[in-house]
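To start, the structure under review is shown below, and the notes come after it.
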Amino acid sequence: MDLTLHPEYIPALRSEIESHWTTPSNFDTNALTLVEAFITESARVYSYESSKQTNTTLQLDYFLTTIAANVHRVARRDYTFADGYVVPKGNWAKFNQQAIFNSPMLFPDPDKFNPYRHLESGRKLKDVSMKWPMWGAPGLAWPGRFMVDRFIKVLVAHLLLNYDMKLSQTTGLNISWRESEVPSPRVKLLLRRRERQ
1053 MDLTLHPEYI PALRSEIESH WTTPSNFDTN ALTLVEAFIT ESARVYSYES
1103 SKQTNTTLQL DYFLTTIAAN VHRVARRDYT FADGYVVPKG NWAKFNQQAI
1153 FNSPMLFPDP DKFNPYRHLE SGRKLKDVSM KWPMWGAPGL AWPGRFMVDR
1203 FIKVLVAHLL LNYDMKLSQT TGLNISWRES EVPSPRVKLL LRRRERQ
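Residue numbers (the working numbering): 1053 to 1249.
Right under this line is the structure:
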């Protein structure tokens, strides 16, 4: 969706892809630094867990109805933080991923879509840290992130090389689903084949 919302990046993205493209199976996706930064910024802005609920703990029955896409932990016993906050035994605690990704201390001007922030920081989509909990906590991160990283880059490359695109509408792009903002199923991505140069 961000390719249609931020078309000003498309010429530079296409240029980078064209300079490295061979075939989808023999394609150095690690050389696509701007594509990487664009995808990483899109993931930051539209991270899966918006954590809209105000309660910082989740009861087990609620958690079982929610897709675990981040760092969730259950307290095996009552746990008291240094500031006195208590997580009772059996409750879930989790990172507020959206709060981290929208922190002005970590991401200056967080409401602005800016892929270049990741080029400057060297951050990559597949990275794992306490400041980038996209894939889980350090040491326990999802190993499939490496495959996803490559797949998304090949998909974006294919779309940009072969199609011009736009959305079927400009409003109502997202809907709330559980604790997340996700693309509305009513919004269609319209593709028109383009002549490769």
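By construction, the Cβ of each residue, glycine as well, lies at the ideal position given by its N, Cα and C atoms.
Backbone secondary structure at residue i - three-state DSSP
i	result
Glu1070	helix
Arg1175	coil
Met1078	According to the sequence shown, residue 1078 is Asn rather than Met. Reduced to three states, the DSSP call for Asn1078 is strand.
Lys1146	strand
Tyr1131	strand
Val1139	strand
Arg1248	coil
Phe1153	helix
Lys1164	coil
Phe1198	helix
Phe1203	helix
Per DSSP, the bridge partner or partners of residue i
i	result
Pro1235	Asn1226
Ser1181	Trp1184
Boundaries (first-last residue) of the alpha helix (DSSP H) holding residue i
i	result
Asp1216	Run containing Asp1216: none in the alpha helix (DSSP H); it sits in the beta strand (DSSP E), Tyr1215 to Leu1219.
Leu1241	Note, Leu1241: premise wrong, no alpha helix (DSSP H); beta strand (DSSP E) at Leu1241 to Arg1245.
Glu1093	Thr1085 to Val1097
Asp1054	Asp1054 to Leu1057
Residue interval of the beta strand (DSSP E) (run including residue i)
i	result
Val1126	His1124 to Val1126
Ala1189	Per DSSP, Ala1189 belongs to no beta strand (DSSP E) and is neither H nor E.
Nearest to residue i (by Cα), restricted to the options the options
i	options	result
Gly1174	His1072, Phe1090 and Leu1057	Phe1090
Arg1245	Tyr1215, Ser1232, Ile1227 and Ser1220	Tyr1215
His1250	Gln1149, Gly1136 and Phe1133	Any answer about residue 1250 is impossible in this case: the structure gives the chain only from 1053 up to 1249.
Phe1203	Lys1178, Lys1240 and Arg1238	Lys1178
Arg1007	Arg1169, Arg1128 and Tyr1137	An answer regarding residue 1007 cannot be provided, because it is not within the stretch 1053 to 1249 covered by the chain.
Ser1077	Val1206, Leu1225 and Glu1247	Val1206
Glu1172	Asp1163, Lys1164, Phe1159 and Val1180	Phe1159
Cβ pair count under 8 Å reaching 3, the segment 1131 to 1149 against the segment 1057 to 1070: Output reads no: the segment 1057 to 1070 does not touch the segment 1131 to 1149.
At least three beta-carbon pairs within less than 8 Å, the segment 1206 to 1213 to the segment 1182 to 1192: Verdict: no, contact absent.
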